[in-house]
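Participant: Quick note: the sequence shown uses our numbering, first residue 124, plus one each step. Structure in structure tokens, see below.
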Amino acid sequence: MDKIIVQEEDFDLSTEVRLAREGNLATGAIVSFVGTVRDLEGDSLSSMTLEHYPQMTEKSLEKIVSNARKRWDIQSTTIIHRIGELQVQDQIVLVIVTSKHRGEAFDACHFIMDYLKTDAPFWKKESINNKDSWVESRESDDQQKNHWKN
């Protein structure tokens, strides 16, 4: 089972982990990743606004999960990505992967996050020192994704 949601509301990690493992007695590993809004060194981040392209974003996330399923024997995935205005330390994204074995769950979760960062159509606007600016993609994110192309 795969769960993909883009929403403004916060999510509860323990609830989502419980839901991800429900009904599958063969689950031997549950790996989760929670991304949060962090303050920037030397600057004062007052907020981050995340926007997306409805339907296109969900299709992109479905494709990422489909590609992960082709590489690893995973049982379920959960992706919850928030949009709207967020504050420092707010949760942004949750990825959960369940599998029979930890290695597959860890690798699939890492893969999903790397591709989510580069391929999913989300746009970030940071408000730093009362000035808004759109965040450019980072070369380091592309390098992380390229790790999986072997």
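We treat Cβ as the ideally placed atom computed from N, Cα and C, and that holds for glycine.
Let me check one thing: in DSSP terms, what residues is phenylalanine 156 bridge-paired to?
Facilitator: Translated into positions along the sequence shown, residue 156 becomes position 33. In DSSP, phenylalanine 156 forms a bridge with Val218.
Participant: Given this structure, state the Cα-to-Cα distance separating glutamate 227 from leucine 163, to the nearest angstrom.
Facilitator: Working through the sequence shown from its first residue, we reach residue 227 at position 104. Working through the sequence shown from its first residue, we reach residue 163 at position 40. Looking at the two C-alpha atoms, the distance is approximately 33 Å.
Participant: Please list the terminal residues of the continuous beta strand (DSSP E) segment that includes glutamate 249.
Facilitator: What you label residue 249 is simply residue 126 of the sequence shown in a count that begins at 1. Looking at the DSSP string, the run of the beta strand (DSSP E) that includes glutamate 249 is 245-251.
Participant: Which residue wins for smallest C-alpha separation from isoleucine 215, given the options Asp133, Lys268 and Thr201?
Facilitator: Walking along the sequence shown from the start, residue 215 turns up at place 92. Nearest of Asp133, Lys268 and Thr201 to isoleucine 215, Cα basis: Asp133.
Participant: Determine, using beta-carbon pairs with one atom in the stretch 197-206 and one in the stretch 135-149, whether at least three such pairs fall under 8 Å.
Facilitator: A contact exists between the stretch 197-206 and the stretch 135-149.
Participant: Under 8 Å between the Cβ atoms of methionine 124 and glutamate 249?
Facilitator: Locating residue 124 in the sequence shown gives position 1, counting from the first residue. Locating residue 249 in the sequence shown gives position 126, counting from the first residue. Not closer than 8 Å, so no.
Participant: What is the residue span of the alpha helix (DSSP H) that aspartate 230 lies within?
Facilitator: Within the sequence shown, the letter at position 107 stands for residue 230. Counting along the chain, the alpha helix (DSSP H) containing aspartate 230 begins and ends at 225-242.
Participant: Using DSSP's beta-bridge definition, name the partner residues of glutamate 208.
Facilitator: Here residue 208 refers to the residue found at position 85 when the sequence shown is read from its first residue. Per DSSP, Thr172.
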